[in-house]
Amino acid sequence: MKKSMRACALAALIFMLCIGGASGQFGYRVTNSSPENGNIVEDFASAGTMKQTPVQMGYSDGGDNADLFDLGDTVYLHVGEVAMTGSKVKVNDVRLTTSSFGLPGSKVGSGDGDQGNDLRRFSPGLSRMVFLDDGSVIGQFDLDDPVYIKVVTPLDRIGPGDIRLDSPLGSPGTRVSKLDGDNGAPCSVLHPGPSFNLWLPGARGVIRFINANGNHYVEPGAMISALSSPPIYDGPDVVYFDVSNPTAYPRNFGYLTPNAIRMSG
14 MKKSMRACAL AALIFMLCIG GASGQFGYRV TNSSPENGNI VEDFASAGTM
64 KQTPVQMGYS DGGDNADLFD LGDTVYLHVG EVAMTGSKVK VNDVRLTTSS
114 FGLPGSKVGS GDGDQGNDLR RFSPGLSRMV FLDDGSVIGQ FDLDDPVYIK
164 VVTPLDRIGP GDIRLDSPLG SPGTRVSKLD GDNGAPCSVL HPGPSFNLWL
214 PGARGVIRFI NANGNHYVEP GAMISALSSP PIYDGPDVVY FDVSNPTAYP
264 RNFGYLTPNA IRMSG
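Every position in the sequence shown, counted from 1, becomes a number in the numbering used here once 13 is added.
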């Protein structure tokens, strides 16, 4: 009995150490004691010549199978454009998987080798964000519910190629394989995609960012007082999946609360 209790305690400790990643890193889950808890996160917005919506996910076809999504392809959070054939990887897009160009959570820089690479869309209904409803309250998104980026079918179960964002079975940005314990696990929708900047039916949050340098857009030549000035998303800004409720239009923003997930490094 004592050995069994020690084993359970050790398993629980390993779970808590693994899930959520480290503070300030990609995949980190915000808690009540997190330094960023309560910080303002801004909605991605477009205005005038500045295009920052939609915010979608796509992949660059660098794997062994041309024109088919596989484990060698890099997945990106793509800002300001529909992720589809003909799109290009842009500066400040976020890498969501490990690649030769950067670690998960890193942003594409102006001199990086993947800037300008072709971007492709996923199959219909993908990508989306999901969670394993393993927490204390079934049907509720809890702090101990693992989170994944779903990029393969079926939609209701984790499958080989899906991306761990916050899971005890692998680091953020790693992919599920056939022999992994989370392969086949039933999952629930966290955000149905494809535009993660929108509160769509079924969404339990949206992707927002901390405007770290405080810069805002003003249309060239326009009167500042006559225009709304949405925040500019750029290099210093940190991206989160935010679960707080939206504020009133026209300035939409939220406040980081427990369960928010850091989606850039």
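For glycine and all other residues, C-beta sits at the position ideal for the given N, C-alpha and C.
Residues near S168 in its chain [Cβ-Cβ closer than 6 Å; skip 5 each side]: This sequence places Leu at residue 168; Ser is not what is there. Excluding residues within five positions, the ones whose Cβ falls inside 6 Å are G138.
Test: V107 CB closer than 7 Å to a CB of chain D: Given the protein chain composition of this structure (a single chain), no chain D is represented.
N-terminal and C-terminal residue of the beta strand (DSSP E) that H229 is part of: Element bounds for H229: n/a, residue is neither H nor E.
Distance, L178 Cα to P185 Cα: 5 Å
M70 - DSSP class collapsed to helix/strand/coil: strand
Counted within 10 angstroms of its Cβ, other Cβ atoms place L109 as buried (16 or more) or exposed: buried
Residues of its chain near P48, where Cβ-Cβ distance is below 8 Å and the 5 sequence neighbours each way are ignored: S36
Local Cβ density within 10 Å of T62, reported as buried at 16 or more and exposed below that: exposed
In chain order, each beta strand (DSSP E) run of at least 3 residues that lies wholly inside the region 38-65: 53-56
Neighbourhood of V164 by C-beta distance below 8 Å, restricted to the same chain and skipping five residues each side: M70, Y72, F82, V88, F135, L139, S140, G174, D175, I176
S201 (DSSP reduced to helix, strand or coil): strand
Short Cβ contact (7 Å threshold) for P205 with L192: no
M97 - DSSP class collapsed to helix/strand/coil: coil
Nearest-angstrom Cα separation, counted from P243 out to T66: 12 Å
Beta-bridge partners of V143, as assigned by DSSP: Y161, V202
S277 (DSSP reduced to helix, strand or coil): coil
DSSP three-state assignment for Y246, whether helix, strand or coil: coil
Endpoints, beta strand (DSSP E) assigned at T87: 87-92
Distance between beta carbons of N210 and D56, contact taken as under 8 Å: 7 Å
Whole-number beta carbon distance between N130 and V102, since they are thought to touch under 8 Å: 5 Å
C-alpha distance - G126 paired with E232, whole-angstrom precision: 31 Å
Span separating the alpha-carbon of L90 from that of I274: 14 Å
Terminal residues of the beta strand (DSSP E) in which L178 lies: 176-179
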